[in-house]
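Residue numbers (the UniProt record's numbering): 1 to 117.
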């Protein structure tokens, strides 16, 4: 997840004048970073992010009471959804996952950076 945005942006930028109609990404790409690194004409395209799992509720390792949950990937996904110009940003595997993701994201919307970890 940490290198996907840079790798894809560099590949797209190296293609020169090739054009596309839409950008389709998965939740394994930090879409905000991608948009910042890619050519402007690509960054301005309509975009969709497909989520195959909910990082907010993904099972943690160990006893949940003794292990503090690492939300870095979840917050990366959350910031990706806030990116523009995403038109219909959240496409999940199921309605359940879609609802769970939106619910968890809404809970954390007001979190300050120090509370995210």
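By construction, the Cβ of each residue, glycine as well, lies at the ideal position given by its N, Cα and C atoms.
Checklist entry - So who's on the other strand from residue 24, going by DSSP bridges? => result Your numbering for residue 24 matches position 24 in the chain shown. Beta-bridge annotation (DSSP): residue 24 is paired with 48.
Next on the checklist: Using a Cβ-Cβ cutoff of less than 8 angstroms, which residues in the same chain neighbour residue 20 once the five nearest sequence positions on both sides are dropped?
Outcome noted: Counting from 1 along the chain shown, the entry for residue 20 is found at position 20. Same-chain partners within the cutoff: 42, 45.
Item to check | Pairwise C-alpha distance: residue 3 and residue 11 | outcome: Mapped onto the chain shown, residue 11 falls at position 11. Mapped onto the chain shown, residue 3 falls at position 3. Distance between the alpha carbons of residue 11 and residue 3 is about 12 angstroms.
Item to check | Counted within 10 angstroms of its Cβ, other Cβ atoms place residue 30 as buried (16 or more) or exposed | outcome: As a working mapping, residue 30 is identified with position 30 in the chain shown. Around the beta carbon of residue 30, a 10 Å sphere encloses 16 or more other beta carbons of the protein chains shown; the residue is thus reported as buried.
Checklist entry - From residue 39 to residue 7, what distance separates their C-alpha atoms? => result Translated into the one-based positions of the chain shown, residue 39 becomes position 39. Translated into the one-based positions of the chain shown, residue 7 becomes position 7. Looking at the two C-alpha atoms, the distance is approximately 13 angstroms.
Item to check | Whole-Å CB distance - residue 57 paired with residue 104, under 8 angstroms assumed | outcome: Counted from its first residue, the chain shown places residue 57 at position 57. Counted from its first residue, the chain shown places residue 104 at position 104. That pair is a contact at about 6 angstroms.
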